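Trainee:
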Amino acid sequence: AAGVIQSPRHLIKEKRETATLKCYPIPRHDTVYWYQQGPGQDPQFLISFYEKMQSDKGSIPDRFSAQQFSDYHSELNMSSLELGDSALYFCASSRRDSGDNEQFFGPGTRLTVL
Amino acid sequence: AQSVSQHNHHVILSEAASLELGCNYSYGGTVNLFWYVQYPGQHLQLLLKYFSGDPLVKGIKGFEAEFIKSKFSFNLRKPSVQWSDTAEYFCAVNFMEYGNKLVFGAGTILRVKS
Chain A
5 AAGVIQSPRH LIKEKRETAT LKCYPIPRHD TVYWYQQGPG QDPQFLISFY EKMQSDKGSI
65 PDRFSAQQFS DYHSELNMSS LELGDSALYF CASSRRDSGD NEQFFGPGTR LTVL
Chain B
72 AQSVSQHNHH VILSEAASLE LGCNYSYGGT VNLFWYVQYP GQHLQLLLKY FSGDPLVKGI
132 KGFEAEFIKS KFSFNLRKPS VQWSDTAEYF CAVNFMEYGN KLVFGAGTIL RVKS
C-alpha cells in the first residue's frame, strides 16, 4: 500500500539558511499535518491543511510557513534557520471522512542545522 | 490546555514479562486515542486506536489497550514481550473539540532484555 512520502530524508543547513521540506500524502487523503520531534522529545504539532486550506495551527515559529497544493502535497518552508530547529520533521496524512482521524506518518525529514 | 501524560519514561523488561504502559489525558470531552511505536531510526507506526465501541481494543503484534473513560486513561498492555518490542511508545490523543491534531505524550522507551 502507498505510504506518506517525504523528501528529502536528510538535510544539512547552516544557520540563517532556508530549507524546504516536502510531503506527499497517501492517495485520496485530504488532510496533511506537520509535526516536529526534537532530540529525545515527543512530536509537537506545527500546522495542518485540509483541502488546501490551513485548518489548524500549533507551535509553528513565524519563520516557518507551509501550504498545501492542488495535488494535495504540502511544503514546509523554514527561513532564518536556528540551531534549535534541528529535529525530525514528520508529515502525516488522513482522510477527514474516515471517522477516527487516524493519521498515517511518513518517514520524516531529519534536519540538522550547523 | 490539552495534555497527555505517560507514566514511565524508561522501562526495562526481560523477555516473556508482561507489559503495561500508562497513559492519561487531561480532558473530559470526546477523544480519539492512539498508541504509536517508533523503532530506532524509524517513523511512527500505529499499534492500535480507539474511537468508539468496545473499550478494549486489540492492535498489531499482540498489543491491546483499554479505554477507561472515568479515569481518562488508555493503558497499553502486552502479556509477553519479545526482544523485538524494544522501541519507544507514544500515546497520542485527538481532542476532537480542538481540531484534528494529535497531542502526544512524552513517550516511553522500552528495552527488552533477551
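From first to last, the protein sequence lines are chains A and B.
The numbering of the first sequence is my numbering, which starts it at 5 and goes up by one.
The numbering of the second sequence is my numbering, which starts it at 72 and goes up by one.
The C-beta atom is built at its ideal place from N, Cα and C for all residues, glycine as well.
This one's a predicted model, so the numbers in the text were calculated from it and none came from an experiment.
Could you tell me which chain A residues have their CB closer than 8 Å to the CB of PHE143(B), listed as they occur along the chain?
Mentor: Chain A residues near PHE143(B): none, gap ~18 Å exceeds 8 Å.
Trainee: Here's the rule I'm using: 16 or more other beta-carbon atoms within 10 Å means buried, otherwise exposed. How should THR35(A) be labelled?
Mentor: buried
Trainee: Please report how far the alpha carbon of GLU55(A) lies from the alpha carbon of ALA87(B), in whole angstroms.
Mentor: 46 Å
Trainee: Going by CA-CA distance only, name the one from PRO29(A), GLU18(A) and GLU21(A) that's closest to SER11(A).
Mentor: PRO29(A)
Trainee: Put GLU168(B) into one of helix, strand or coil per three-state DSSP.
Mentor: Of the three classes helix, strand and coil, the one that applies to GLU168(B) here is helix, per DSSP.
Trainee: Contact defined as beta carbons within less than 8 Å: I believe GLY124(B) pairs with PHE166(B). What is the distance between those atoms, to the nearest angstrom?
Mentor: Contact flag wrong, Cβ pair sits at about 19 Å.
Trainee: Under 8 Å Cβ-Cβ, which residues of chain A neighbour PHE166(B)?
Mentor: Chain A residues near PHE166(B): none, gap ~11 Å exceeds 8 Å.
Trainee: Using a cut-off of 7 Å between C-beta atoms, extract the partners of PHE109(A) located in chain B.
Mentor: Listed by position along chain B, the residues whose Cβ is nearer than 7 Å to that of PHE109(A) are HIS114 and LEU115.
Trainee: From the DSSP output, read off the bridge partner residues of LEU115(A).
Mentor: Paired residues: LEU15(A) and ALA91(A).
Trainee: Leaving out five residues on either side along the sequence, give the residues of the same chain with a beta carbon under 7 Å from the beta carbon of ASN146(B).
Mentor: Closer than 7 Å at Cβ, skipping near neighbours: GLU91, LEU92, GLY93, CYS94, ALA136 and GLU137.
Trainee: With a threshold of 9 Å between beta-carbons, can GLN72(A) be considered close to chain B, or not?
Mentor: no
Trainee: Is the Cβ-Cβ distance between LEU119(B) and PRO47(A) less than 9 Å?
Mentor: no
Trainee: Could you give the DSSP three-state label for ASP60(A): helix, strand or coil?
Mentor: strand
Trainee: Just reading off the beta strand (DSSP E) that SER78(A) is part of, what are its end residues?
Mentor: 78 to 82 is the extent of the beta strand (DSSP E) around SER78(A).
Trainee: Kindly list, in the order they appear in chain B, the residues whose Cβ is closer than 7 Å to that of THR35(A).
Mentor: ASN171
Trainee: Looking at chain B, is there any beta carbon in it that lies within less than 9 Å of the beta carbon of ASN81(A)?
Mentor: For ASN81(A), the answer is no, since every Cβ of chain B falls outside 9 Å of its Cβ.
Trainee: Taking the beta carbon of THR113(A) as the centre, do at least 16 other beta carbons fall within 10 Å, making it buried, or is it exposed?
Mentor: buried
Trainee: If the cut is a Cβ gap below 9 Å, which residues of chain A does ALA177(B) touch?
Mentor: GLN45 and ASP46
Trainee: According to DSSP, simplified to helix, strand and coil, what is ILE131(B)?
Mentor: DSSP places ILE131(B) in the helix class (H, G or I) of the three-state scheme.
Trainee: Quick check on the burial criterion: 16 or more other C-beta atoms within 10 angstroms. Buried or exposed for SER78(A)?
Mentor: Around the beta carbon of SER78(A), 16 or more other beta carbons sit within 10 angstroms, so the residue counts as buried.
Trainee: Determine the extent of the beta strand (DSSP E) in which GLN116(B) is found, giving its start and end residues.
Mentor: GLN116(B) -> beta strand (DSSP E) spans 115 to 121.
Trainee: Consult DSSP for SER102(A) and reduce its assignment to one of helix, strand or coil.
Mentor: Looking at SER102(A) - three-state DSSP - the assignment turns out to be helix.
Trainee: Beta-carbon separation of PHE175(B) and ALA158(B) under 9 Å?
Mentor: PHE175(B) is not a Cβ neighbour of ALA158(B), given a cutoff of 9 Å.
Trainee: Less than 9 Å between the beta carbons of LEU92(A) and GLN40(A), yes or no?
Mentor: Going by C-beta atoms, LEU92(A) is nearer than 9 Å to GLN40(A).
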